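Enquirer: Handing you this structure, nothing more for now.
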Amino acid sequence: MIVILNYLVILSFILCYAITALYDYHMFQLNSYSLWTQLKWLKANFSRGYIVRHILALPIIGIAFFDFYTAAILSSLLFLIQCFFNRPRKAKKPLVYTSRVKRMLVTNILILAIPVLLSFSLQAPYQIIILALGVLCTPLIVLLSNIINMPIEKGINRWYINDAKKILKSMDKLVVIGITGSYGKTSTKYFLNKILSSKYNVLMTPESYNTPMGVVKTIRTSLKSFHEIFICEMGAKYTGEIKEICDIVNPKYGIITSIGPQHLETFKSIENIIKTKFELADALPDDGVIFLNHESDYIRNAATNKKRVSYAISPRGCNYEAKNIHVSNNGSAFDVILSGGRECHFETKLIGVHNVENILGSIAAADYLGVDADTVAMSVRRLESVPHRLQLLNRGGMAIIDDAFNSNINGAKMAIDVLNTFEGFKILVTPGMVELGNLQDSCNREFGAKAAESCDYVILVGAKQTGSILEGLKSGNYPEEKVFIAGTIEEAFRKIESINSKGFQKVVLLENDLPDNY
Amino acid sequence: MLIRVGVLFGGKSVEHEVSIISAIQAINGFDKTKYEIIPLYMTKEGALYAGDSTGKIEEYRNIPGLLKKSHRVIFVNDNGKFLLMKYPAKGFGKRMYASVDIVFPIVHGTNVEDGALQGYLKTLSVPFVGCDVAASAAGMEKYTQKAILKYNDIPVLDCVRVFSAAYFKDMDTIINQIEGSISYPLIVKPSNLGSSIGIKKALNRDELKGAFEYTFQYANIALVERAVTNLKEINCAVLGDQDLAIASECEEPINTDDILSYNDKYISGGKNGSKGMSGAKRRLPADIAPETREEIRNLAIKTFQALGCNGVARIDFFIDLQSNKIFVNEINTIPGSLSFYLWEPIGISYTELLTRLINLTFKRERENAGISYCIDTNILANFTSTGAKGAKSLA
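Residue numbers (my numbering), protein chains in the order written: chain A, 1 to 518; chain B, 519 to 913.
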């Protein structure tokens, strides 16, 4: 009997520990395996991320001193209840079992195995206490497993990076174009890829791959000998990260799409953001060219010793300027004077001035790289919207502007402008912006005030981080009965169904979508 | 890094040997500073072989010996990389023979040129040179081809299609029908074979029956059309795609028989062994008036684009000298020797032709690569299932 109970305790512990650790690894993955981000996240979400998930292990420490039968049964029960609380739930982006995660899991098991095996030599209460401490310490053991694996991970990454460099070296004719910016880089990348593909064999980093290892993976798995151009999106949350990618791919051309307070939390200052984005210009060779969106004052006023080609959608004396811009809910049209002085008319079915800016950057680069004007114009006409970036969808009789991947304040405000070009009952669905450091509250308030001007209904997803949007709405005297706070996006959609739009077509703007760690 | 080109030839076709000649000519023609060639020989049973010997013409005198020296391989698409794996896998040695970036089929005839091989390559998602599945099929199946051309106002001879099963069930009715619509002399030919095999001329009813017997040895579907007695044959090749296509010089094949036979085309190549289509007797450039030449070259491009072709194709015409009318006879979507001899006179070398063909493939691949990138946040999936329907079921 004693043996059976012993096993029961051990098994329920293992189950509870495993489930809890997997949750921590999931969050750790969403926090980009960054120690500080994870600790900060733990601090900010202490009750949701720690207390609720570990607290039941605490009373076990006291229960362990009851008589063995009671202690064993109660502690097993608590482990199992805790385990039930922590059961995996549906996630927007579930834990991906990458090789790295698998290696951390192995290390984790090894770390845990030592005290658990040693505990067998102890008396029952102490053994149970060690197990309970194990559960209480899961977040730390998870982080420890990463620290222990660090040298191995670094070695593995170094090998991958060198392999990618070797591949690039063997392709001496390959032209690399780097794209960075606080926002607009993924859209610009998709558009440039499409336009350049009318003439060249082009490879781009897929989706939003923009980290050194994402770039390395693209090179190692997708770059083929026939590719002539490689378009590489470069993202950064810290200074030096753009340079790190440039050191791998050696871009000849660069595009900086925008500079704004994105990731201000990690960058600390806007100067650091400017400096980091311009690492791309610094990395170019002497005959390289940097394409700059002069719409941003930060970019316009920044200096570079490389050849600069500027573009803007307002008259600012740039090399490429979009004129006669006409945007509607059916698409956009504008004129650009291309190299050789020819004025060319462009039309696209994509909505929003924001997209015009991104398309213009791609037109400038493609024109510079020798794609003829008619081909560029035809490619622009055939551009498709990038999924979840001002993507217009028609579902169930309503128009949905899916801007779920946007997370910056300028983009959000422009999305409201786009919403305004539509006729109908305008509904905004948003969980607000995050990662904007101390600007976060003011940005969200501004956004709320802007929404108050034009939306017929606002659904805020999640009460916690949308508080400042609500304040913004109130400052615009927005009637309270037109606001609904939903717990989840699913609840928001059910609410949209039930709203009475008085016969008007519902036009829904989905602005931003937060990952599971918010 | 060179672009790895798998040149695929042979296959289950009556023109198996001709394809070997065409392919090995091409292998010698590639720009070796750009391309690394991997010769892939497909046996008449459809098995693929690769090795050091598969690119050498002299090895094909003894095919069983060649196969012994080579590796049997199978194609695998490994996450966008196209691997040739040794089959069957032996011991602990290297399983992969090579990888290719693009496949260049140089095959002739049914089962390979007719879209079958193209379909296989397309299923694997490997980029391949030349016509896509539908154009290859239309290029081989003459009835389909004529229908498409006729719809595009391109002159073709009217024809009657006869299925062997129907013919043997009630041949007199069928022959009566044919006699009612077209007059002798007639030509009977397989609807889906290239290279002049199974074609017979008929001057009267008895000969027509004989012609059907003969043709049905090679195919189950026959075409009957009016035989143009006083004619001049002209061939012209086209290179390009829907966007842009150019026509080659025109040639006039010289017949030793009434109809250009398989012998004329490939076997009577002279003393130095067979040279494939390039060794056939011809008048090049063809002896025709400049305006006829231009008309034919324009019709060739029109035919090429009407059938949705890509790469290089040779279109065979004939001029009815009695009425002075030009007709399209047929198209070859993978012409013998890739019709390089028709391009040299207009200044496109064989090497240049091969490079352009590969570039056309990459162009098509780029055009086909639409934006279908999915970043799955699943919001809308939730919306349609729990939103629209869910709300109603709750109500």
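All residues carry an ideal CB built from backbone N, CA and C; glycine is no exception.
These numbers come from a predicted model, not from an experiment.
List the residues of chain A whose Cβ lies closer than 8 Å to the Cβ of residue 598(B), in chain order.
Expert: As a working note, residue 598(B) is residue 80 in the second sequence. Near residue 598(B) (Cβ distances below 8 Å), the residues of chain A are 221, 222.
Enquirer: Hey, is residue 434(A)'s beta-carbon within less than 8 Å of any beta-carbon in chain C?
Expert: Looking at the structure shown, chain C is missing, and the protein chains on hand are A and B.
Enquirer: Would you kindly report the start and end of the unbroken beta strand (DSSP E) that includes residue 749(B)?
Expert: Your numbering for residue 749(B) matches position 231 in the second sequence. That run of the beta strand (DSSP E) goes 749-758.
Enquirer: Check whether the Cβ of residue 504(A) lies closer than 8 Å to any Cβ atom in chain B.
Expert: One-based indexing of the first sequence puts residue 504(A) at position 504. Residue 504(A) does not count as touching chain B.
Enquirer: Between which two residues does the alpha helix (DSSP H) carrying residue 282(A) extend?
Expert: In the first sequence, counting from the first residue as 1, residue 282(A) sits at position 282. Run containing residue 282(A): 279-283, per the alpha helix (DSSP H) assignment.
Enquirer: In the DSSP assignment, what residue or residues form a beta bridge with residue 850(B)?
Expert: By 1-based counting over the second sequence, the position of residue 850(B) is 332. Paired residue(s): 832(B).
Enquirer: For residue 891(B) and residue 386(A), what's the separation of their Cα atoms in angstroms?
Expert: One-based indexing of the second sequence puts residue 891(B) at position 373. One-based indexing of the first sequence puts residue 386(A) at position 386. At residue 891(B), the pLDDT of 38 sits below 50, so the modelled position is not reliable and the matter cannot be decided from this model.
Enquirer: Alpha carbon to alpha carbon, how far is residue 306(A) from residue 281(A)?
Expert: Taking the first sequence and counting its residues from 1, one reaches residue 306(A) at position 306. Taking the first sequence and counting its residues from 1, one reaches residue 281(A) at position 281. If I take the Cα positions, the gap works out to 7 Å.
Enquirer: Check the C-beta distance from residue 383(A) over to residue 359(A) and give it rounded, since I have them as a contact under 8 Å.
Expert: Taking the first sequence and counting its residues from 1, the one referred to as residue 383(A) is at position 383. Taking the first sequence and counting its residues from 1, the one referred to as residue 359(A) is at position 359. Contact holds; Cβ gap of about 7 Å.
Enquirer: Can you find a CB in chain A that lies within less than 8 Å of the CB of residue 882(B)?
Expert: Taking the first residue of the second sequence as position 1, residue 882(B) is located at position 364. It does not; no Cβ of chain A falls within 8 Å.
Enquirer: Determine the extent of the beta strand (DSSP E) in which residue 249(A) is found, giving its start and end residues.
Expert: Against the first sequence, residue 249(A) aligns to sequence position 249. Per DSSP, residue 249(A) belongs to no beta strand (DSSP E); it is in the alpha helix (DSSP H), 241-249.
Enquirer: Do three or more CB pairs link the segment 292-306 of chain A to the segment 249-265 of chain A at distances below 8 Å?
Expert: Yes, they touch.
Enquirer: Give the list of continuous beta strand (DSSP E) stretches no shorter than 3 residues that lie fully inside the segment 562-615 of chain B.
Expert: Segments of the beta strand (DSSP E) lying fully in the segment 562-615 of chain B: 566-568, 589-596, 599-604.
Enquirer: Taking DSSP as the reference, what is the three-state secondary structure of residue 892(B)?
Expert: Sequence index remark: in the second sequence, residue 892(B) carries index 374 (1-based). Note that residue 892(B) has pLDDT 40, beneath the 50 cutoff, so the model's placement of it is unreliable and no number is given.
Enquirer: Got a sec? Which residues, its chain only, sit under 8 Å from residue 696(B) by beta carbon, not counting five neighbours each side?
Expert: The residue labelled residue 696(B) in the question sits at position 178 within the second sequence. Contacts found: 678, 680, 704, 726, 742.
Enquirer: Around the Cβ of residue 574(B), are there at least 16 other Cβ atoms within 10 angstroms (buried) or fewer (exposed)?
Expert: Sequence index remark: in the second sequence, residue 574(B) carries index 56 (1-based). It is exposed - the Cβ of residue 574(B) has fewer than 16 other Cβ atoms within 10 Å.
Enquirer: Return the CA-CA distance between residue 340(A) and residue 317(A), expressed in angstroms with no decimal places.
Expert: Within the first sequence, the letter at position 340 stands for residue 340(A). Within the first sequence, the letter at position 317 stands for residue 317(A). About 17 Å.
Enquirer: Does DSSP put residue 512(A) in a helix, a strand or coil?
Expert: In the first sequence, residue 512(A) corresponds to position 512, counting from 1. Residue 512(A): coil per DSSP, three-state reduction.
Enquirer: Please determine, among 584(B), 594(B), 627(B), 634(B), the residue with the shortest C-alpha to C-alpha distance to residue 615(B).
Expert: On the second sequence, residue 615(B) is found 97 positions in, with the first residue counted as 1. Closest by alpha carbon: 594(B).
Enquirer: Using a Cβ-Cβ cut-off of 6 Å (strictly less than) and excluding sequence neighbours within five positions of residue 330(A), which residues of its own chain qualify?
Expert: Within the first sequence, the letter at position 330 stands for residue 330(A). Cβ neighbours of residue 330(A) beyond the five flanking positions: none.
Enquirer: Using a Cβ-Cβ distance under 8 Å, would residue 234(A) count as near chain B?
Expert: For the purposes of this step, residue 234(A) is taken as the residue at position 234 of the first sequence. So no, residue 234(A) is outside the interface.
Enquirer: Just curious, the beta strand (DSSP E) that residue 162(A) is in, first and last residue?
Expert: Along the first sequence, read from residue 1 onward, the residue named residue 162(A) stands at position 162. Residue 162(A) -> not in any beta strand (DSSP E); alpha helix (DSSP H) instead, spanning 138-169.
Enquirer: Please report the distance separating the alpha-carbon of residue 362(A) from that of residue 345(A).
Expert: In the first sequence, the residue the question calls residue 362(A) occupies position 362. In the first sequence, the residue the question calls residue 345(A) occupies position 345. So the alpha carbons of these two residues sit roughly 15 Å apart.
Enquirer: According to DSSP, is residue 275(A) part of a helix, a strand, or is it coil?
Expert: The sequence position of residue 275(A) within the first sequence is 275, counting from 1. In the structure shown, residue 275(A) sits in a helix (DSSP, three-state: H, G or I).
Enquirer: Which residues, in chain order, does the segment 166-185 of chain A contribute to contact with chain B at a C-beta distance below 8 Å?
Expert: Those would be 167, 170, 171, in chain order.
Enquirer: Less than 8 Å between the beta carbons of residue 483(A) and residue 461(A), yes or no?
Expert: Numbered from 1 along the first sequence, position 483 holds the residue referred to as residue 483(A). Numbered from 1 along the first sequence, position 461 holds the residue referred to as residue 461(A). No, they are not a contact pair.
Enquirer: Which two residues bound the contiguous alpha helix (DSSP H) that contains residue 695(B)?
Expert: Stepping through the second sequence from its first residue, residue 695(B) is reached at position 177. Taken as a continuous stretch (DSSP letters only), the alpha helix (DSSP H) holding residue 695(B) covers 689-699.
Enquirer: Starting from the C-beta of residue 435(A), find all residues in its chain whose C-beta is less than 7 Å away, skip the five residues before and the five after it, and write them out in chain order.
Expert: Position 435 of the first sequence, counting from 1, holds the residue named residue 435(A). Only 263, 265 meet the Cβ criterion.
Enquirer: Can you check which of these residues, 347(A), 29(A), 493(A), 249(A), is closest to residue 458(A) by C-alpha distance?
Expert: Numbered from 1 along the first sequence, position 458 holds the residue referred to as residue 458(A). Closest by alpha carbon: 493(A).
Enquirer: Is the Cβ of residue 658(B) closer than 8 Å to any Cβ of chain A?
Expert: The count along the second sequence starts at 1 and reaches residue 658(B) at position 140. Closer than 8 Å: no.
Enquirer: Please list, in chain order, all residues of the same chain as residue 249(A) whose beta carbon is under 6 Å from its beta carbon, the five residues on each side excluded.
Expert: On the first sequence, position 249 is the one that residue 249(A) refers to. Hits under 6 Å: 176, 232.
Enquirer: Can you tell me whether DSSP reads residue 719(B) as helix, strand or coil?
Expert: Position 201 of the second sequence, counting from 1, holds the residue named residue 719(B). In this structure, residue 719(B) counts as strand in the three-state DSSP scheme.
Enquirer: Examine the Cβ distances between the segment 855-874 of chain B and the segment 686-695 of chain B and report whether three or more of them are shorter than 8 Å.
Expert: Flag = no, the segment 855-874 of chain B and the segment 686-695 of chain B do not touch.
Enquirer: I'd like to know if residue 619(B) contacts chain A, where contact means its C-beta is closer than 8 Å to some C-beta of that chain.
Expert: By 1-based counting over the second sequence, the position of residue 619(B) is 101. Judged by the 8 Å Cβ criterion, residue 619(B) is in contact with chain A.
Enquirer: Answer with buried or exposed for residue 650(B), where buried requires no fewer than 16 other C-beta atoms within 10 angstroms of its C-beta.
Expert: Working through the second sequence from its first residue, we reach residue 650(B) at position 132. When all chains shown are included, residue 650(B) counts as buried.
Enquirer: Alpha carbon to alpha carbon, how far is residue 191(A) from residue 412(A)? Give it in angstroms, no decimals.
Expert: Working through the first sequence from its first residue, we reach residue 412(A) at position 412. Working through the first sequence from its first residue, we reach residue 191(A) at position 191. One C-alpha to the other measures close to 20 Å.
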